[in-house]
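Residues 1 to 247 in the working numbering are what the sequence shown lists, from first letter to last. Where a beta carbon is used, it is the ideal one built from N, C-alpha and C, also for glycine. Computed from a prediction, not measured in an experiment: that's the story for all the values here.
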Amino acid sequence: MHFRAKTPKIQGVRGIFMDVLGTIMDYSGYNYAGEALYNEFVTSFGINADAQTLYSAWLADWDDAFSRMAGFKTVRETWVAALLTTLSRFGARTTPEVLSGLYDNYVQTIIRKTQIYTDAISELPKLRSLGLTMGIISDEEFEIIEGVLRRSGLYNLFNMVIVSDKVKGYKNKGEPFRQALRQTLFRPEEALYIGDSVARDIAPAKSIGFRTVLIAREGTGHQVSGVGPDYIISNLKTLSSALAARG
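Okay, structure coming up:
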């Protein structure tokens, strides 16, 4: 359901869990770091393509590596493997060790350049004041999450930060959501998950039994293969009001 003029009450919730990228923090740091890195590749390796073409090719290789992953590989390992494939297709030769070093610089640039959505700055403290458990469930690099949230003064609002690298399983397999339930002893229906992607956030959370909220900042699609969120919002202010009204 959409939140319209009348704010509904979301009742029976004991814990609020959130995605980070696209929900709390924007994509500015990733875009800046990616553009700088791929421009460097074009120049250093003499690649006959622009940075955007190279980046688009890497995204396709990342998705392919992620979908074909056997077992578990960390975000760093997957990033490096996909980039090796991309650079090789453009005739560039390098090593995993070199790219792993570049990954460290990439992460630090993201931390410095990423911005927090203004409604997250104002509403996360309000959500915390409701007395609910607050947590993050994310596939992003823990160092990025911690660095960006500490820089913005929001990190200590959360009771827990659960990332895929630490539980050895990505959201699409459900393990981070199961870990949240193990840590809190909540029933799935007592947990509310907020994210900006139906495919990467809403569908896996619902598969574990979480109630879900899609934050559609960028006009995110509302269904994937028949899966839709329980609620759709455009910002976190409406969520604060809905939870505060639960009585």
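Residue range of the alpha helix (DSSP H) that includes residue i
i    : result
I111 : 96 to 113
G147 : 142 to 152
A82  : 75 to 89
R178 : 175 to 184
A65  : 51 to 67
Strand pairing of residue i, partner residues [DSSP]
i    : result
S28  : Its beta-bridge partners do not exist; DSSP assigns none.
G46  : According to DSSP, which records beta bridges pairwise, G46 is partnered with nothing at all.
H36  : The sequence shown places Ala at residue 36, rather than the His named in the question. Its beta-bridge partners do not exist; DSSP assigns none.
G135 : F17, M160
V167 : Its beta-bridge partners do not exist; DSSP assigns none.
Local conformation of residue i per DSSP, three classes
i    : result
F158 : coil
Y211 : The question names Tyr, but residue 211 in the sequence shown is Arg. DSSP places R211 in strand when its eight states are reduced to three.
V13  : coil
L21  : strand
S234 : coil
L255 : Nothing about residue 255 can be read from this structure; the chain reaches only from 1 to 247.
F72  : coil
A242 : helix
R200 : helix
A92  : coil
A205 : helix
Whole-number beta carbon distance between residue j and residue i, since they are thought to touch under 8 Å
i    : j    : result
G135 : A205 : Actually they are not in contact, since the Cβ atoms of G135 and A205 sit about 12 Å apart, beyond 8 Å.
Y193 : F17  : 5 Å
A191 : R211 : 7 Å
S138 : V20  : 5 Å
A216 : S234 : 6 Å
Y117 : I24  : 7 Å
E189 : G12  : 7 Å
Y103 : V80  : 6 Å
W58  : T86  : 4 Å
Y32  : K113 : 4 Å
Extent of the continuous beta strand (DSSP E) to which residue i belongs
i    : result
S116 : First, the amino acid is wrong: residue 116 is Ile here, not Ser. Segment: none, I116 is in no beta strand (DSSP E) and carries neither H nor E.
L192 : 191 to 195
Min CB distance residue i to chain E below 9 Å
i    : result
G153 : The structure shown contains no chain E; it holds only a single protein chain.
(request) Answer yes if the region 39 to 48 comes into contact with the region 89 to 100, meaning at least three C-beta pairs across the two stretches below 8 Å, and no otherwise. (result) Contact between the region 89 to 100 and the region 39 to 48 is present, because at least three Cβ pairs lie under 8 Å.
(request) Tell me, please, whether the region 24 to 32 touches the region 160 to 177 by the rule of three or more beta-carbon pairs shorter than 8 Å. (result) Judged by Cβ distances under 8 Å, the region 24 to 32 makes no contact with the region 160 to 177, as fewer than three pairs qualify.
(request) Answer yes if the region 161 to 171 comes into contact with the region 118 to 137, meaning at least three C-beta pairs across the two stretches below 8 Å, and no otherwise. (result) They touch, by the three-pair rule.
(request) Kindly confirm or deny that the region 102 to 121 and the region 60 to 69 touch, where touching means at least three C-beta pairs closer than 8 Å. (result) With a cut-off of 8 Å on Cβ pairs, the region 102 to 121 is not in contact with the region 60 to 69, counting fewer than three such pairs.
(request) Examine the Cβ distances between the region 96 to 105 and the region 125 to 133 and report whether three or more of them are shorter than 8 Å. (result) Three or more beta-carbon pairs separated by less than 8 Å are not found between the region 96 to 105 and the region 125 to 133, which leaves the two stretches without contact.
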